[in-house]
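Q: Mapping the sequence shown onto numbering that gives the first Met the number 0, position 185 (from 1) lands on 184, and the numbers just tick up by one. No residue lacks a Cβ here, since even glycine has one placed at the ideal position from N, Cα and C. In this text the structure is predicted, and so the values were computed from the model without any measurement. Pasting a structure below so you can have a look.
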Amino acid sequence: MHKILIVDDEESVRYSFKKLLREPAHKILEAQNGDEALTKVKDEAPDLVILDIQMPGLSGLEVLQQIKKAAPRIPVLIITAYGSSDRVIAAMKHGAYEYIEKPFDIPRMQALIDEALEMGRLMRTEVLLESQAAGDWSADRIIGNSPAIQEVYKMIGRVAGSDVSVLLVGESGTGKELVARAIYQHSQRAGEPFLAVNGAAIPETLLESELFGYEKGAFTGATKRKIGKFQQADGGTLFLDEIGDMSLSTQAKLLRVLQEGTFECLGGDETIQCNVRIITATNKNLEAAIAEKAFREDLYYRIKVITINLPPLRARKEDLPDLIQYFISKHCAQLKSEPVSLAPETLQLLKDYDWPGNVRELENVLKRAILLCKSNVITPDIVAEDLRAAEKCLENGKSDRLSQFVTGDLEQYRGKLYETAVSELERELIIAALQKENGNQVRAAQLLGISRVMLHDRIEKYGIKTEVIIQKV
Ligand SMILES: Nc1ncnc2c1ncn2[C@@H]1O[C@H](COP(=O)(O)OP(=O)(O)OP(=O)(O)O)[C@@H](O)[C@H]1O
Ligand SMILES: [Mg+2]
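Laid out in structure tokens, this is it:
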């Protein structure tokens, strides 16, 4: 459950937020003015503040500055009247996470609230390197004693204190985000913002404006100025996840920021200075991308000053017992279930498995097993099906319709085979997820593991008729 503080002098606005962000997912706190807001921030430590910038008494901007001083890691969303762009820009410069305009665009607002809560989690949930403070599940832990993971601990310690750029390389689910947070939290910039941008979750065409912002009128549809993540993260740390998916023009701009600490926003002629520490991550082979001219070599050398390789789980199976113990305790505590244990045969099964989804897959398998197990022992049959299903899914991952892109007449797709096939798969996945969740976009996005902004974008891109999906079910 998240605690969200709504600060607005108008009761009707607070009421609509209360209706929208209902319990049990969220606990809503209210404040009518700036002074009340500051007291509640101190006493209640909310996860998110939604703040009206135009209030009698202490101005919203002052309240924002004081919140940022008292609790720099609480994200603040600003409510503004349509078209009050000067105030918005001032607020963004003072560390607001984003702004919401009246009248509210509900889907966009919900997406922003989710994003801001996620950013707050990244900044606040502490990452401990060893099993210190056992039993305190408010922190995340990096578990393991294998030589491979100890090498990772050493590297975190070595790079955290300096401002050097770090590249995290590893398969999906190996803990790249966890390590990025650990570096941030142990750095001198721990009190400054930590922003994350996922290159794979944002359409290529939007990524550049997300990072660098744009001027009003920079392109059709740019009705007002947008502050980019580099400017927002000034003084802090920016985590660029899935860096391998960035377009060449965005790469060129990124290179310049890294070399000179300056950039221009889209359609702007003012050169903006920024001081941002960069942590990047990828599960792609960047050297292969360089060979294909899809990734700039000079940028690669800039970002990989220090590279931390996260080992796949199958290369450190000696950590399995510790990881299993950790996840079982954590999820039993969170699910308030009786403590459970593993039958020896189950442990053997987990040890024999290859874990293509790495630690994330292990955690999911165990979480499900805890829910499904009827006694307090996890017997092999409970996990066997999950592991088999995962293996099968890898074997016949392509559906009939999709297999035409591999076995059919490829010539008809010359030059756009990759794009067509990937789009087709993406479209099918999105429809399947929407159908499974009865058209509920929040849950479909969760199922897919993508942001709601991205889901929304793809629904538009493929012209998916969500009303039809709901009726069909
Ligand atoms: N060594 C570890 N100890 C404990 N938990 C871990 C460890 N490594 C990963 N996890 C957990 O596994 C999950 C996946 O980790 P994370 O999101 O950091 O992976 P990732 O490398 O960023 O994956 P992706 O490339 O898919 O984004 C998280 O819930 C994380 O807390
Ligand atoms: Mg990740």
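(1) What do you reckon, is the C-beta of V358 under 7 Å from a heavy atom of ligand 1?
(2) So what's T124 in DSSP terms, helix, strand or just coil?
(3) Going by C-alpha distance, which of P55, R276, G243, C264 is nearest N284?
(4) Is it the case that the CB of H244 approaches a heavy atom of ligand 2 more closely than 7 Å?
(5) Candidates K460, D51, K225, L446: which alpha carbon is nearest A431's?
(6) Just to confirm, does R120 get its C-beta within under 7 Å of one of the non-hydrogen atoms of ligand 1?
(7) Just grab the DSSP bridge partners of V480 for me.
(8) Given D318, which residues of its chain have a CB within under 8 Å of its CB, disregarding the five upstream and five downstream residues?
(9) With H, G and I counted as helix, E and B as strand and the rest as coil, what does DSSP make of H1?
(10) Could you check what DSSP says for K26 in three-state terms: helix, strand or coil?
(11) Grouping DSSP H, G and I as helix and E and B as strand, with all else coil, what is R457?
(12) With burial defined as no fewer than 16 other Cβ atoms inside 10 Å of the residue's Cβ, what is the status of P55: buried or exposed?
(13) Can you name, in chain order, every residue of its own chain whose Cβ lies under 7 Å from the Cβ of K397, other than the five neighbours on each side?
(14) Helix, strand or coil for D240 per DSSP?
(15) May I ask you to report which of helix, strand or coil DSSP gives G396?
(16) Rounded to a whole number of angstroms, what is the C-alpha to C-alpha distance between K67 and A110?
(17) Check the DSSP bridge columns for Q272 and list the partner residues they point to.
(18) For L254, I'd like the list of residues in its chain whose CB is within less than 7 Å of its CB, leaving aside the five on either flank, ordered along the chain.
(19) Is the Cβ-Cβ distance between I99 and I78 less than 8 Å?
(20) To the nearest angstrom, how far is the alpha carbon of Y183 from that of S137?
(21) Any residue with its Cβ nearer than 7 Å to a heavy atom of ligand 2 should be included. What is that list in chain order?
(22) Within 10 angstroms of its Cβ, does Y417 collect 16 or more other Cβ (buried), or is it exposed?
(23) For F326, which residues of its own chain have a beta-carbon under 6 Å away from its beta-carbon, when the five flanking residues on both sides are left out?
(24) Quick one: what's got a C-beta closer than 6 Å to E9's C-beta in the same chain, skipping five residues either side?
(25) Which term fits P343, buried or exposed, when burial requires 16 or more other beta carbons within 10 angstroms of its beta carbon?
(26) Can you confirm whether the segment 370–388 touches the segment 407–422 when touching is taken to mean that 3 or more C-beta pairs between the two stretches lie within less than 8 Å?
(27) Could you check if P23 is buried or exposed, using at least 16 other CB atoms within 10 Å of its CB as the buried criterion?
(28) So, for Y14: in the same chain, excluding its five sequence neighbours on each side, which residues have a beta-carbon less than 7 Å away from its beta-carbon?
(29) Can you have a look at Q347 and say buried or exposed, based on whether 16 or more other CB atoms are within 10 angstroms of its CB?
(30) Please state the DSSP three-state secondary structure of S422.
(31) Distance check for S208 and T219, CA to CA, integer angstroms please.
(32) If you draw a straight line from the C-alpha of I49 to the C-alpha of L341, how long is it?
(33) Going by the DSSP bridge assignment, what does E100 pair with across the sheet?
(34) Please state if the CB of S186 and the CB of T236 are separated by a distance shorter than 8 Å.
(35) Comparing alpha-carbon positions, which option in K39, L4, D34 lies nearest K26?
A: Straight from the coordinates:
(1) yes
(2) coil
(3) G243
(4) One detail in the question is off: residue 244 reads as Asp in this sequence, not His. Because no heavy atom of ligand 2 lies under 7 Å away, the Cβ of D244 does not count as near it: no.
(5) L446
(6) no
(7) Residue 480 is absent from the model: the chain starts at 0 and stops at 472.
(8) I142, G143, N144, S145, I148, L312
(9) strand
(10) Looking at K26 - three-state DSSP - the assignment turns out to be strand.
(11) helix
(12) Burial check for P55: the Cβ neighbour count within 10 Å stays below 16, so the residue is exposed.
(13) Any reading at K397 needs caution, since the residue's pLDDT is 41, under 50, leaving its predicted position unreliable; the model's value is listed next. The beta carbon of K397 sits closer than 7 Å to those of V405, all from its chain and outside the five residues before and after it, given in chain order.
(14) strand
(15) The predicted position of G396 is uncertain, since its pLDDT is 47 and thus under 50; a value taken from the coordinates is nonetheless stated next. G396: coil per DSSP, three-state reduction.
(16) 22 Å
(17) T261
(18) R295, D297, L298, R301
(19) yes
(20) 18 Å
(21) K175, E176, D240, A280
(22) exposed
(23) E362, L365
(24) none
(25) exposed
(26) Touching, no, given that fewer than three Cβ pairs across the two stretches are closer than 8 Å.
(27) Its Cβ having fewer than 16 others within 10 Å, P23 is exposed.
(28) none
(29) Exposed, because fewer than 16 other Cβ atoms sit within 10 Å of the Cβ of Q347.
(30) helix
(31) Rounded to whole angstroms, T219 to S208 spans 13 Å at the Cα level.
(32) 45 Å
(33) T79
(34) yes
(35) Of the candidates K39, L4, D34, the one whose C-alpha sits nearest the C-alpha of K26 is L4.
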